[in-house]
Every structure is written in structure tokens, then in C-alpha cells.
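Here's the structure, in C-alpha cells; my notes come after.
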Amino acid sequence: MTVNKVVGSAADAVADIPDGASLAVGGFGLAGIPWFLIEALLEQGAGDLTIVSNNCGVDGGGLGLLLEARRISRVIASYVGENKEFARQYLAGELTVELTPQGTLAERLRAGGSGIGAFFTPTGVGTMVAEGGLPWRYHSDGTVALASPPKEVRVFNGREMLLEESIVTDYALIRAAVADTAGNCVFHAAARNFNPPAAMSGRITVVEAERVVEVGELHPDEIHLPGIFVQRVHELTPEQATRKEIEKLTTRPRPEPQEVVR
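Numbers 343 to 604, taken from this note's numbering, label the letters of the sequence shown in order.
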């Protein structure tokens, strides 16, 4: 008999996340983020959160909502450039920020979910990523309160590489295009980049799925994330499933049609 991991609501899915929890959150920018799980967590009230995500949303959207509500105390991310409130809190000494190269961040999450404690990578050798000194937190006067430590560097096949520790979080919140009731997931396009490794790193992984099907309806070759990594599935309504925003929409004027002379 297959276990049914579907829960009744987004509120139910995040109800037990406590103050001080660490969360890996899927998505890239606003693409593929778990919009409704984030908003349910905002309503739930947990604070002092550590967030591991490619970025921290935007002002007024995504993880930016938790940030504006002062519910996040630490962020491990690779990109922060779309969020003015994020920059303000960081520079004012209100937020601890561990910037990590993007590919390294994805691998730290994947490694954590695979039971790998740490790994060596050439990314960051010869920079402050390896040598230490990156400001993780400032004092209110702008001086550095906490800086990154130096990392072990070794040579493999004549190439220097630094040691990066894997990441395991208390919870993971992700968005899938399709999930079955056992938690097997399929992601659409760019949503596949950070959602699977985020899901793998969470001890308890919660999925908001645009559509939920019965076990056996997904062909094994379709599945991007096995259900073994998922503990809860929340199905969105058809209206909710259409919510797919982006940070910026850039267009150019459509050229005027040219008169055809015959």
C-alpha cells in the first residue's frame, strides 16, 4: 500500500515549523518558488529563520515577504541584487548573509541530501571565498561584526581546490509542476534547477504542486525527484497554479508595419 503524503492546506503543511528553523527554499529569482507555502509560513508566525536559497525574493514578493516581516535572521544565498530591503538589513547589521557561489550552493544542497559531509571544488580558490574575510554580518556603524573563516585548500591532480561543507536543513519548501500522492515530482523548465537539490537537503520536505496525480500515472522516466525525499504534498487550486511571476519584464516597441509597394 502506497503512503499518501497529501495534506489539506498550505497552513497544515507548514504548521510545525518552529522559531529558529533552517529552510531550503527552491526556485530561481521568482521562477519556480513555492509562493503559497511562503505566504502560509508568513501567516504561521515562525521567526529567527535561516534561509538557504539562490536568492531572497524581491521587495514585496516571495521570501522578501518574510524578510520585510523581520522573520529571517540568516541567509545563505548566491545572489541578492533584486531586493533593496535585503541590502538595507545586511548593511545595517540586522541580517547575517553568507554569500556562496551559485554552483557551489547547489552542490552543497545536493551533497547534504546525498549524505556527503563535504567536497572539494576549484570554485573560489584564490579569492576571499577560500581565504576568508567576507563580511557575513556588520555592526550598525558599518564595521565588520562577523567574517567568513578561511577554508582548507588541497591539491588534486595538480589543481588547487577548497573544501565546502554540505548543507542539511530542518525543512525544505519547493514548487513542482506535477507530483503524485507518494511525493514523486516533475518540474517545469527553469524550476528544475534549485528545487531538486533544495528538496534533497531538507529533513522534512514540503511540496506545493500545481497538479497532483495518483501513483503510477507518472512514468518513471518523467520523475525528476523521487518521493523518498518528500514528506508532504499540498495541491494548488487551478487558479493558484497559474501564479508564475518574474522579477522584470523588458520589452521593446513593436515596429510599425511597412507599407508594401506593388
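Cβ coordinates follow ideal geometry from the N, Cα and C atoms, glycine included.
Residue i and residue j: beta carbons closer than 9 Å?
i      : j      : result
ILE516 : ALA540 : yes
VAL349 : HIS561 : no
GLU506 : ALA460 : yes
ILE458 : ILE418 : no
ALA533 : GLY569 : no
THR511 : GLY544 : yes
GLU550 : LEU578 : yes
LEU504 : THR442 : no
VAL367 : ALA388 : no
SER420 : LEU447 : yes
PHE378 : ARG574 : no
GLY455 : MET542 : yes
VAL471 : ARG479 : no
VAL615 : VAL520 : This structure gives no information on residue 615, because the portion of the chain shown stretches from 343 to 604.
ASN526 : VAL497 : no
GLY475 : SER490 : yes
PRO538 : ARG452 : yes
LEU408 : ALA363 : no
GLU589 : LEU365 : no
ILE546 : ARG450 : no
At least one CB of chain B closer than 9 Å to the CB of residue i: is that the case?
i      : result
TRP377 : Here chain B cannot be found, since the structure has a single protein chain.
Thinking C-alpha only, which one of the options is nearest residue i?
i      : options                        : result
GLY406 : VAL467, GLN386, ILE380, SER420 : ILE380
THR344 : SER351, ASP522, PHE571         : ASP522
ALA514 : PHE536, GLU440, VAL495, VAL520 : PHE536
GLN386 : ALA363, ALA411, ALA353, GLN444 : ALA353
GLY404 : PRO599, ARG416, ALA518, ILE375 : ILE375
SER482 : LEU433, LEU383, GLY445, GLN582 : LEU433
PRO580 : LEU488, GLU552, VAL422         : GLU552
ILE414 : PHE462, LEU591, PRO360         : PRO360
GLU605 : LEU384, VAL422, GLY435         : Only positions 343 to 604 of the chain appear in this structure, which leaves residue 605 out of reach.
SER351 : LEU488, GLN582, ARG450, GLU598 : GLN582
VAL495 : GLU449, ASP563, PHE462         : PHE462
GLY445 : GLY484, ASN346, PHE370, GLU473 : PHE370
VAL422 : ASN346, ASP358, GLU440         : GLU440
GLY435 : SER508, LYS347, GLU473, LEU488 : LEU488
ALA518 : GLN600, SER508, ILE565, PRO492 : ILE565
LYS493 : GLU502, GLU587, PRO477, GLU473 : GLU473
ASN346 : VAL557, PHE529, GLU502         : VAL557
ASP605 : LEU591, GLN600, PHE529         : Past the edges of the chain, shown from 343 to 604, lies residue 605, and the structure says nothing about it.
Let me check one thing: in DSSP terms, what residues is residue i bridge-paired to?
i      : result
SER364 : THR392
ILE414 : LEU391
VAL400 : GLY403
ASP522 : VAL555
PHE370 : ALA373
VAL349 : HIS576
VAL528 : VAL520
In chain order, each beta strand (DSSP E) run of at least 3 residues that lies wholly inside the stretch 459–491: 460–463, 477–480, 486–489
Please confirm if the stretch 398–407 is in contact with the stretch 425–437, defined as three or more CB-CB distances below 8 Å between the two stretches. yes
Any beta strand (DSSP E) of 3 or more consecutive residues that is wholly inside the stretch 491–516: 495–498, 501–507
Taking only runs that begin and end inside the stretch 530–597, name each unbroken beta strand (DSSP E) of 3 or more residues, in chain order. 544–551, 574–577
Quick check on the DSSP output: what are the complete alpha helix (DSSP H) runs of length 4 or more inside the stretch 420–458, in order along the chain? 426–433, 444–455
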